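*Asks:* Quick one: the structure is below, and I'll ask about it shortly.
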Amino acid sequence: MRILVTGGSGYIGRVLVRHLLDAGHWVRVVDRTYAALPGAEMHVINLCQPEPIYEALKGIEAVVHFGNHSNQGRGTAQTVLGENSLMNTNVFQAMADMGIPRVIYASSVQAMTGWPGPDFQDTPPPPHALPIDGDTPPYPGNAYALSKVLGEEMLRYYARVHGLSAVALRLPFVIPGRTRKWKDHLTMSDPGRRHEFAGWLWVDDVARLVLAIFARDVSELPGFRIYHPSGASPDDISSPEELARTHLPNAPRRHPGQPLTSLIDTSRITKETGWTPTPLEDVPERSRQDLMGKG
2 MRILVTGGSG YIGRVLVRHL LDAGHWVRVV DRTYAALPGA EMHVINLCQP
52 EPIYEALKGI EAVVHFGNHS NQGRGTAQTV LGENSLMNTN VFQAMADMGI
102 PRVIYASSVQ AMTGWPGPDF QDTPPPPHAL PIDGDTPPYP GNAYALSKVL
152 GEEMLRYYAR VHGLSAVALR LPFVIPGRTR KWKDHLTMSD PGRRHEFAGW
202 LWVDDVARLV LAIFARDVSE LPGFRIYHPS GASPDDISSP EELARTHLPN
252 APRRHPGQPL TSLIDTSRIT KETGWTPTPL EDVPERSRQD LMGKG
């Protein structure tokens, strides 16, 4: 398949491009900064300008759209919300105009966490029923999160009106590899991550999920859907029930009377694509610097 990856120079993008190439796909990358990505065709463009996007989409069969400001700290609320929305509009509309049938969009767990910013330790968790999944309602708490929700709603429109096969990935905390510090996240002892329901994902599993989606025919994944992928907690980490009782005591249950087997339900993803996350104990020890140095 001939695939365009926006934002392919970034941390996740580089890993994704490598996996796509290794799987035999032809890859074109567009980003605002250049990166040497052996085997891929690289173009430096500004996604806030629509004209070069049409040129980049020539001959393309599918798009992986990761080209956004990556968090609220990338600029003012106006810049992050406005430019992310503009980039999304430019990419999705160009796809519709050119008849490109499928897209995978990097949304964010922040679309439903209510996370307002760094100083939020006393902010109550979002009022979601457990376990959460891709059908959990949006609950943005900052301009970046709002931009991701608007991106999801754009794709809902483009799927309905223009027939796109569109998948939004509400990506959680993406880790480059296994290190000791991730345990604070998995046990929700890090207050900065409690709103994410202990979700995490190995960066290579992001790429594996993209490949699993593209391995399905468009007819198998029609319309628009949201996936909320996450890795599972190891057996020696607190159980989902214990985490819920300790940190989310007021959260309603989607299946009252049944014990929680996870805080994040990924069964729909597995059913529709065959994807399953890599167990944490099988994730290699490596840093983000290791990955970026291999770009």
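According to the working numbering, the residues represented by the sequence shown are 2 to 296, in order.
Each residue gets a CB set at the ideal place from its N, CA and C atoms; glycine is no exception.
Bear in mind that the values here come from a model prediction, so they are computed numbers and not experimental data.
#1: Would aspartate 32 be called buried (16 or more neighbouring beta carbons within 10 Å of its own) or exposed?
#2: With a threshold of 16 other CB atoms inside 10 Å of the CB of lysine 295, please say whether the residue is buried or exposed.
#3: Return the residue from the list Gly60, Arg226, Pro39 that minimises the CA-CA distance to tyrosine 158.
#4: How many Å lie between histidine 66 and valine 92 at the Cα?
#5: According to DSSP, simplified to helix, strand and coil, what is valine 219?
#6: Does any CB atom of chain D fall closer than 8 angstroms to the CB of tryptophan 203?
#7: Count the other CB atoms within 10 Å of the CB of serine 109; is the residue buried (16 or more) or exposed (fewer)?
#8: Looking only at DSSP bridge pairs, what is alanine 167 linked to?
#9: For phenylalanine 174, which three-state DSSP category applies?
#10: Any contact between the segment 151–165 and the segment 100–114? By contact I mean 3 or more CB pairs, one from each, below 8 angstroms.
#11: Quick check on lysine 59: buried or exposed, where buried means 16 or more other Cβ atoms within 10 Å of its Cβ?
#12: When burial is assigned at 16 or more other CB atoms within 10 Å of the CB, is valine 284 buried or exposed?
#13: Residues in the same chain with beta-carbon distance under 6 angstroms from threonine 137, minus the five sequence neighbours each way, listed in chain order, please.
#14: By the 10 Å Cβ neighbour count, where 16 or more other Cβ atoms means buried, how is glutamate 56 classified, buried or exposed?
#15: Would you say valine 64 and methionine 96 are within 8 angstroms of each other, going by their C-beta atoms?
#16: Here's the rule: buried if 16 or more other CB atoms are within 10 angstroms of the residue's CB, otherwise exposed. What is alanine 78?
#17: Determine the contact status of aspartate 134 and arginine 217, defining contact as a CB-CB distance below 8 angstroms.
#18: Looking at C-beta atoms only, is the number of pairs between the segment 33–46 and the segment 5–18 that lie closer than 8 angstroms three or more?
#19: For leucine 187 and serine 263, I'd like the C-alpha separation in whole angstroms.
#20: Within 10 Å of its beta-carbon, does glutamate 242 have 16 or more other beta-carbons around it, so buried, or fewer, so exposed?
*Replies:* According to the structure data:
#1: By the 16-neighbour rule on beta-carbons within 10 angstroms, aspartate 32 is buried.
#2: Here the model assigns lysine 295 a pLDDT of 47, short of 50, so the residue's position is not dependable, and the following value carries that caveat. Lysine 295 is exposed by the Cβ-count criterion.
#3: Taking only the C-alpha atoms, the option nearest tyrosine 158 is Arg226.
#4: 8 angstroms
#5: helix
#6: Absence of chain D from the displayed structure is noted, only one protein chain being present.
#7: Its Cβ being crowded by 16 or more others within 10 Å, serine 109 is buried.
#8: Val104, Phe225
#9: strand
#10: yes
#11: exposed
#12: buried
#13: Met113, His129
#14: exposed
#15: yes
#16: exposed
#17: no
#18: Judged by Cβ distances under 8 angstroms, the segment 33–46 makes contact with the segment 5–18, as three or more pairs qualify.
#19: 12 angstroms
#20: exposed
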